Structures are given as structure tokens and as C-alpha cells.
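Data first, discussion second: the structure below is written as C-alpha cells.
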Amino acid sequence: MSQTDWRKSVVYQIYPKSFNDTTGNGQGDLNGIIDKLDYLAYLGVDYIWLTPIYPSPMNDNGYDISDYYQINEQFGTLDDFKKLLETAHQYGLKVMLDIVFNHTSTDHTWFQQALADPESPYRDYYFFRKGRNGGPPTNWQSKFGGNAWQYEPNSGEYYLHLFDVSQADLNWENEHVRQSLYDIVKYWMSYGVDGFRFDVINLISKDRFEDSDAIGKEYYTDGPRVHDFIHEMNRETFGDREMMTVGEMSSTTIDHCIRYTQPERQELNSVFNFHHLKVDYAEGEKWTESQLDFHKLKEILIEWQLGIYEGGGWNAIFWCNHDQPRIVSRFGDDSTEAMRQRSAKMLAIVLHMLQGTPYIFQGEEIGMTNPHFDKLSQYRDVESLNAYDSLQEAGKTEPEIMRILAQKSRDNARTPMQWDDSAQAGFTEGEPWIEVSDNYKEINVQQAMNDEQSVLQTYRKLIQLRHNYDVVTYGNIEPLYMAHDQLFIYRRNDEHNSWLIIANFSNEAVAIPEDLDTTGQTVIENEPDLLAEGKIPAYGAIVIDQ
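Residue 450 in full-length UniProt numbering is what sits at position 450 of the sequence shown, and the numbering runs on without skipping anything.
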């Protein structure tokens, strides 16, 4: 794959803490990643993205950074990271780092100096404001619950934290802040990293602090100078290099995402949005027992596909990450082994035939499931533990709460990677920091590599198709039969190919629409002779070259 053809690439996300442990302490590490690079080369991905590996109190799993220039000791050393980079490059794999520039940990030296001396220049690195009427400066709400302002008794002022109280928001209006952050990007570029994922990067522009009719996000989401700031970062750091950049965009819009990713604007390569992963939130509420709204899922995916394509921008496409439940348990069916395999393959085909850069989260490629924990003691995620308390206060019963956690907890994605059928799934020789899913003897990499019909082999073929056929990367998208209650049907077209994608999201066989022409050459399907009887079986999926 040529350097300039990054749009044909596939990214594999690694959550280092749960990937592979070489020390026996129950937590993954950088050497564990190095040991598995041959597997990732076998899978065929182009980039690996590591969630934050910097020093951190880990109040938000590393997204609360206390030192941007070092490696967290629990993962290894700077020398280990250099070896990881060097070895990855030998395998033809590129490495992306995750950087959080909306906020730092309150343990960061900048914030500590701001606290120690109200006259310090570092005070203006953050948002310290006087209270109002005996309370916080505004009524904005933190994304983790409660008011977004924390009282600081030494100065009698409040500081802004859109996330955890230990994550103080940085003031991008201050030019010294911006230059300090750009220096961090250049520092890691000097080691030869190949890209960056920027956490909640569309929240960095804040210049009005007023009460909100809602929770305040209208004052900082895609804020007034956000495009100027990102363009400046591009110009000052990675803009003249072949770098993969992706921005995580919170509560964003298509119009903004087109602007973030149009090449001529020189901001970012691509964007994550999460609208399609809220289609099982009852009335917008995450902590509810709710099923997939299939029509809403199709509508959102197609709206973004068409909008970004027509605007000349670029999507990052994904089902899973470290904050999302396992997709085969969520939108598929893990009730039997046959349905798990078929629905995992179906979901893979649907996503990887869309336009954009696909992201695979560790274990997704072998069809790992939610662990189906049934005791609170099995959970580690602070968000889940807080939700338990809130749901109890709301009057939910214990069985109801445990069902909701089993469906929605972020810990669903964070159980250890299942490598083989040995103790602890081959993840560690010690006691893992979070329990391994019970089904690791049946679902693991070793088993998948030895089975020609495994979910893993479907992912490998989908990656090869993206590399080899331009229609997957550059073709337009043509939605079909959007009103259908069970089938997701769309077409990808360019001047050489027209590929028809048909996927059944239901657990029953469904008749193919009578007026749909299904003649042509099968490109990929998740069961042999899928359309033999004019029906598509439960969770069936096929791509036909017409």
C-alpha cells in the first residue's frame, strides 16, 4: 500500500491493559503488544492505535494524562516503546498514539503550579473563574455527572472540568498552551510515530461562560475557534508529513465533520462520531434495558455516509471500542455458537463495505462477546459503579440493574484478549485485573486461526478486499429498501464495479425483495450458497459484484 493511499487502510485498536501481559502482574504491557505483532500482520491491518500509554492516575483509564512525555510504568519504558515502533515498522505496521488535549490530569505539573500560585502563568493554562451567587460560575454539567466546575479553596475560585473532577480543561485561547501541546505532538513524531487519535478534540474552543437551558454543551461543542485551532495544529506539527489523524467528535454534526476532514482545509484526515451507537438508548438514556432501533441505525449510518461523501470529507467507521459493548452481543446474537459466528460476520461485512476508514477493536475480529457478568464485584469501571448507585436510587431492582450493566457497561469491551484455551485465555500467568470471559475455551485466536470458516477469516478477507478493490474505498453509496424491517441493503458504485450488499439483522430467514436483482458474482458471504432459496437466512450477509 502506498504512503499516500491511507484511505485504503484499516486500523486495529489496542487497549494495552487488556491485550497481553508478559510480566504476570495481570495487566497488559508494551512487550505483550510486541509479542503479538506477527498476529496483527497476519490479520492484515495497516495501523495499530494504542489507547493512552502515558503516566496517569488512571481515574479515567489513562485519558487523564499527568505527563505527556513519558510512558506509564505499568506498560513499560520509553525503550520498550521505541522497540515496539521499530518492530511494528519491520512488520509493515504503522503506529498511532492517542492524545488528550482537551484536558490534563490535575496531577499534571501545569495544574499543580496553577494551584500553588494564583499569580502563576500556568493559572491561565486552565479555566479558573469566580463563583456566582454563592455557587459555580455556570450551571454546566460534567459528562461524568454533577456540575462541571470544581471549587478550589486556596483561591476561592472554581476550575472547569467537562469530564472527571481530576481532568481540568485546558485553555486553548492561551497561545502558550497551544504551543506547549504542539511541542508534544512534535516530540512523539520525532520517534517516528505514524499518526494520532485526538480525544474529544471538538471541545477545545470555549469562550463564553453562561448558564445553559440544557447541560452547557452548546457553549463548547464545535466551538467558535475549533477549526482555527486544529488547522493551526496541523500547520505547526503534522501537516507536511504523511500522518494518519483522526478526531473523536462529541455530539457533533455532519457539516462540522466535513469541515474537519476536507483535505483542502488542512485539519484532520477523518472523524469518529457516535450517533449510530446510541440507537439502543431508551429516549437517549444509556443506562436502560433497550433493544436496537434498526431503522434508526440504518438512517444514521446512511445519513453520515452520504453527507460526508458528498461534502468531500472522510469517516472513521466502527462498531466497537474501549467504551462500547461488544457488537456481536449488542446488535448480533451470541445465544448459540452458530448465531454468534454468523451475526459477527454479518456485522463485519455491513461495516467494512461502508466508505471510510474501518477500525477493529481487539477481539472483535474473533467475535468476542460481552462477558455477561452477573455480580457487581466483577465490574471495575467507575462509570458502571456510579451507574449502579444511581439506578438503585432510582428504584430499580437488583436483577434489573445487573441486566442493564451486563448490556451497557464499558467493561464489556475491557475483558482480556482471548488468545488460546489455556488458563486465563493465554492473557496472563497471574490474576487478571478483570475477569476473563467464561467462553474463552471456544472463542480464542488460536482456534480462529485454525478454522477456515471463523470470524477471523472473514475479517482478513474484508481487509484484503478494501486493499484490492477501489470501489470499497472511493465508490459512492446508494441506499436501497430503507423501509425494510429486517434487511439492510445498499450498493457501492464506481466506474468499474457495482457491488450489492444485503444483510439480515433478524434471527429468522427473510425473503429477498422480488424486484431486487441478485445476479452476479459473489464477492463474500457469511454462509455458503446464501441465497440458494430466494431467502436470506438469519443474520445472513452477502456482497455481489454486478
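Don't be surprised by glycine CBs; every beta carbon is placed ideally from N, CA and C. In this text, all values refer to a predicted model and were calculated from it rather than measured experimentally.
Query, Result
"Distance, G145 Cα to G284 Cα", "15 angstroms"
"Counted within 10 angstroms of its Cβ, other Cβ atoms place H161 as buried (16 or more) or exposed", "buried"
"CB of N59 within 8 angstroms of CB of S166, strictly", "yes"
"Pair within 8 angstroms by beta-carbon distance, R225 and S205", "yes"
"T369 to G363 span [Cα, whole Å]", "9 angstroms"
"Meets three-Cβ-pair contact criterion under 8 angstroms: the segment 127-143 and the segment 83-102", "no"
"Residue range of the alpha helix (DSSP H) that includes M346", "E337 to H352"
"Cβ shell of V11 (< 6 angstroms), same chain only, five flanking positions each side left out", "Y47, W49 and Y359"
"Under 8 angstroms between C-beta atoms of T87 and L43", "no"
"Neighbourhood of Y158 by C-beta, 8 angstroms cutoff - its chain only, sequence neighbours within 5 removed", "F128, R129, K130, G131, P136, P137, W149, Q150, Y151 and E152"
"The segment 439-456 in contact with the segment 411-426 per 3-pair CB rule at 8 angstroms", "yes"
"For D255, three-class secondary structure by DSSP", "helix"
"As assigned by DSSP and simplified to three states, the class of M96", "strand"
"Rounded C-alpha distance that separates Q179 from Q453", "51 angstroms"
"Close Cβ partners of S2 (< 8 angstroms) along its chain, the five nearest in sequence each way excluded", "Residue placement at S2 is poorly supported in this model, since its pLDDT is 41, which falls under 50; the coordinates are not used for a value here."
"For P432, three-class secondary structure by DSSP", "coil"
"Own chain, CB closer than 6 angstroms to H256, minus 5 neighbours either side, in chain order", "D222"
"Range of the contiguous beta strand (DSSP E) that encloses I48", "Y47 to L50"
"L162 (DSSP reduced to helix, strand or coil)", "coil"
"E365 - partner residues in DSSP beta bridges", "Answer by DSSP bridge pairing: none, since E365 is not bridged."
"Inter-stretch contact at 8 angstroms, needing at least 3 Cβ pairs: the segment 100-108 / the segment 52-66", "yes"
"F361 beta carbon less than 8 angstroms from that of A413", "yes"
"Residue range of the unbroken alpha helix (DSSP H) whose run includes M449", "V445 to M449"
"Q13 - DSSP class collapsed to helix/strand/coil", "strand"
"Check: S250 C-beta below 7 angstroms from any heavy atom of the ligand MN", "Ligands are entirely absent from the displayed structure, and the ligand MN is therefore not among its contents."
"Helix, strand or coil at W149 [DSSP, three-state]", "strand"
"Below-8 angstroms beta-carbon distance, F318 vs any chain C residue", "Among the protein chains of the structure shown there is no chain C, as only one such chain exists."
"Residues bridged to G103 (per DSSP)", "A quick correction: the sequence has His, not Gly, at residue 103. Looking at the DSSP assignment, H103 forms a beta bridge with D169."
"When V45, Y191, E236 and P325 are compared against L405, the one with the closest alpha-carbon", "P325"
"Beta carbon of G540 nearer than 8 angstroms to that of A511", "no"
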